[in-house]
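Engineer: Here it is: the structure, laid out below.
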Amino acid sequence: MKHTTLGDLEVSRISLGTMGMSSFYTGAGSDDAESVRTIQRAVDLGVTLIDTAEVYGPYVNEELVARALTGRRDEVVLATKFGMVSHTTADGGTGVLDSSPANIRAAVEGSLKRLGTDHIDLYYQHRIDPNTPVEDVAGTVTELVQEGKVRYFGLSEAGPETIRRAHAVHPVAAVQSSYSLWNREVEERVLPALRELGIGFVPYSPLGHGFLTGTLRSPEQFDEGDWRRTSPRFQGENFQRNLALADEVRALADEAGATPAQVALAWLLAKGEHIVPIPGTKRVTRVEENTSADALELTVEQLAKLDSLPPAVGSDENEEARQRIER
Ligand SMILES: NC(=O)c1ccc[n+]([C@@H]2O[C@H](COP(=O)([O-])OP(=O)(O)OC[C@H]3O[C@@H](n4cnc5c(N)ncnc54)[C@H](OP(=O)(O)O)[C@@H]3O)[C@@H](O)[C@H]2O)c1
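Here numbering that gives the first Met the number 0 is used: the first residue of the sequence shown is 0, the next is one more, and so on.
Quick look at the structure:
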């Protein structure tokens, strides 16, 4: 597995997202033993960056990651996120944006405990909090770095202006936002700013929540609580029209002697040196498939063909989620 850097932080070029093991997607939490094996297999294959968040579950995903990494903590760069659970709200405040210094302080202690570690390698603000200036967030993370609880600072779904303000207070190692063949908004403003500032980029949902793999052919495949049912892109006519994109990726994969997932990941890797996709899966066979995309070199013609594919129809996020995103 090749390595690259996010700021000064060295990581494997393809990493692993663990969200779907515990939340959001059909089958989450149904087979924790296989999820644990998947994380361990990823580490065996040379994956060094493992991506979780306190809100996944909430909480149980961090615990799952810790179980999988028992005795192997030092082999990985552990990334988690704060700011989407409010610990100052009586009912637990899951989904509430709260990056107040007091809430970050409460969150970090919980994450350290659940992850069974004395430090978080990469600590992301999960969403920008309209009620807390990002300078205050960066200031609090600076204190956590000085205390040895956190090594590197990250932002998720932050726009260029916010990134610059945060970076002026404390170096931002990585920005994590949605980026894939069907979600290319970050190309316009975010990626150029990151290149200029020397900040790494972590594309989340690099397989389009699984859609680009060609295995999702009908919304009926999703359980009632599956997050994708809330996404306009996965609904009705949009879903049907977007199948053409998945079919194009499949055709190109056949030509390249690869799988659609590997093509989607190789396309991302070709976008820049400091780009580290975190495909999510809870299955050993798929983590093997996805990580081997590191060795897939698409030709100039194949990359151009992928670049020319029409964008997906319909917004990826519903309106409420959309309002929490800067791009
Ligand atoms: N910062 C944020 O706000 C944010 C938001 C969303 C996600 N994330 C992070 O990004 C990570 C990845 O994103 P994601 O999980 O949303 O989407 P993704 O990686 O684009 O797709 C995951 C989906 O694809 C399926 N899949 C994975 N590999 C496959 C393969 N080779 N063939 C067929 N299907 C495959 C998975 O199913 P199985 O699990 O059944 O294999 C899962 O349903 C998350 O785990 C999380 O860490 C961050």
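Where is the CB? At the ideal position from N, CA and C, for every residue including glycine.
Where does Q322 fall in DSSP's three states?
Structural biologist: If DSSP states are grouped into helix, strand and coil, Q322 belongs with coil.
Engineer: Is the beta carbon of V75 closer than 8 Å to that of T47?
Structural biologist: In contact: T47 and V75 (Cβ atoms closer than 8 Å).
Engineer: Is A192 closer than 8 Å to A162 when the C-beta atoms are compared?
Structural biologist: Residue identity check: residue 162 is Ile in the sequence provided, not Ala. Contact: yes.
Engineer: In the DSSP assignment, what residue or residues form a beta bridge with N182?
Structural biologist: DSSP, once it has assigned bridges, lists S179 as partnering N182.
Engineer: To the nearest angstrom, report how far apart P218 and F238 are at their CA atoms.
Structural biologist: Cα-Cα distance, rounded: 8 Å.
Engineer: Do T17 and I38 come within 8 Å of each other at the CB atom, strictly closer than that value?
Structural biologist: Contact: yes.
Engineer: Can you say whether E236 is buried or exposed, counting buried as having 16 or more other CB atoms within 10 angstroms of its CB?
Structural biologist: Exposed is the call here.
Engineer: Extract the residue ranges of the beta strand (DSSP E) inside the segment 164 to 243, only unbroken runs of 3 or more that lie entirely within it.
Structural biologist: With a minimum length of 3 residues, the continuous beta strand (DSSP E) runs that stay inside the segment 164 to 243 are 171 to 177, 199 to 203.
Engineer: Taking 7 Å as the cut-off, is the CB of I277 close to at least one heavy atom of ligand 3?
Structural biologist: Among the ligands modelled here, namely ligand 1, ligand 3 does not occur.
Engineer: Three Cβ pairs or more, each shorter than 8 Å: is that satisfied between the segment 124 to 134 and the segment 87 to 94?
Structural biologist: As far as the Cβ criterion goes, the segment 124 to 134 does not touch the segment 87 to 94, which means the pair count is below three.
Engineer: Tell me the residue span of the alpha helix (DSSP H) that contains I38.
Structural biologist: Where I38 is concerned, the enclosing alpha helix (DSSP H) stretches over 31 to 43.
Engineer: On the three-state DSSP scale, how would you describe D128?
Structural biologist: Here D128 sits in coil by DSSP.
Engineer: Is the segment 306 to 316 in contact with the segment 176 to 188, if contact means three or more CB pairs nearer than 8 Å?
Structural biologist: Touching, per the Cβ criterion.
Engineer: Consider the C-beta atom of G26 and the heavy atoms of ligand 1; say whether any pair is separated by less than 7 Å.
Structural biologist: Indeed, a heavy atom of ligand 1 lies less than 7 Å from the Cβ.
Engineer: Which residues does DSSP pair with A78 in a beta bridge?
Structural biologist: Note: A78 sits in a beta bridge opposite D50, L121.
Engineer: What does the alpha-carbon distance come out to for the pair L295 and A173?
Structural biologist: Taking the straight line from one Cα to the other gives about 24 Å.
Engineer: Rounded to a whole number of angstroms, what is the C-alpha to C-alpha distance between D225 and F23?
Structural biologist: Approximately 6 Å between the Cα atoms of the pair.
Engineer: Using a Cβ-Cβ cut-off of 8 Å (strictly less than) and excluding sequence neighbours within five positions of R321, which residues of its own chain qualify?
Structural biologist: Taken in chain order, the residues that qualify are S314.
Engineer: Heavy atom of ligand 1 less than 7 Å from the Cβ of G197, yes or no?
Structural biologist: Checking every heavy atom of ligand 1 against the Cβ of G197, none is found closer than 7 Å.
Engineer: Identify whether V140 lies in helix, strand or coil by the three-state DSSP scheme.
Structural biologist: Helix at V140.
Engineer: Could you check if A67 is buried or exposed, using at least 16 other CB atoms within 10 Å of its CB as the buried criterion?
Structural biologist: Buried, because 16 or more other Cβ atoms sit within 10 Å of the Cβ of A67.
Engineer: Which stretch, first to last residue, makes up the beta strand (DSSP E) that contains T3?
Structural biologist: Element bounds for T3: 2 to 5.
Engineer: Would you please state the rounded distance, in angstroms, between the beta carbons of E288 and Q261? I believe it to be under 8 Å.
Structural biologist: 7 Å between Cβ atoms; contact.
Engineer: Going by DSSP, what residue range makes up the alpha helix (DSSP H) through S155?
Structural biologist: That residue, S155, is in no alpha helix (DSSP H); its beta strand (DSSP E) goes 149 to 155.
Engineer: On the DSSP letters alone, give me the boundaries of the alpha helix (DSSP H) that V286 sits inside.
Structural biologist: 283 to 290 is the extent of the alpha helix (DSSP H) around V286.
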